[in-house]
Amino acid sequence: KRVDKSTASPGLQTTINLGSGLIAGFAAAIVSQPADTMLSKINKTKGLPGESTTSRLIKIAKELGLRGSYSGIGARLFMVGTITAGQFAIYGDIKKAIGATGGVEIASK
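Position one of the sequence shown corresponds to residue 123 (our numbering), numbered consecutively onward.
Now the structure itself:
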């Protein structure tokens with residue numbers, strides 16, 4: 123069922139913004155987790171003399187594997203999901219408070 127945000131109650135609008143932010147935060151966390159894990163590993167370990175950053179990253183990726191690159195995803199989902207949901211809700215409420223209505227509709231009616 124579709125909800126028209128222009129006729130929805132303020133509470134429902136905030137709920138929609140929170141839900142949208144949570145989904146966006148989860149997507150961002152899932153996409154960025156492997157790179158963040160690799161960044162943490164490369165910052166914690168010293169490279170061999172003359173070893174390039176690229177070769178270090180390849181070595182770390184082989185050691186971690188796909189499953190290892192997602193270690194700690196639960197905490198990251200919680201952190202990024204809640205932060206992004208809060209940002210979406212605050213943005214929506216500020217936009218409503220200053221009367222900045224409209225914008226780009228992604229879905230066609």
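Just so you know, even glycine gets a beta-carbon here, dropped at the ideal spot from N, CA and C. Here the structure is a predicted model, which means the values were calculated and not measured.
Using the rule of at least 16 other Cβ atoms within 10 Å of the residue's Cβ for burial, across every protein chain shown, is residue i buried or exposed?
| i | result |
| --- | --- |
| Ala130 | exposed |
| Ala211 | buried |
| Ile216 | exposed |
| Val153 | exposed |
From residue i to residue j, what does the alpha carbon distance come to, in whole angstroms?
| i | j | result |
| --- | --- | --- |
| Tyr213 | Leu170 | 47 Å |
| Ser177 | Thr159 | 16 Å |
| Met201 | Ile195 | 10 Å |
| Asp126 | Thr204 | 24 Å |
| Gln140 | Ala157 | The displayed chain sequence assigns Leu, not Gln, to residue 140. Distance between the alpha carbons of Leu140 and Ala157: 26 Å. |
Taking Cβ positions, are residue i and residue j nearer each other than 7 Å?
| i | j | result |
| --- | --- | --- |
| Ile182 | Lys166 | no |
| Ala207 | Leu161 | no |
Output needed for residue i: all residues of its chain with C-beta closer than 6 Å, excluding positions within five of it in sequence on either side, in chain order.
| i | result |
| --- | --- |
| Tyr192 | Gln155 |
What residues in its chain sit with their C-beta under 7 Å from that of residue i, if we drop five residues either side in the sequence?
| i | result |
| --- | --- |
| Leu199 | Phe148, Ala151 |
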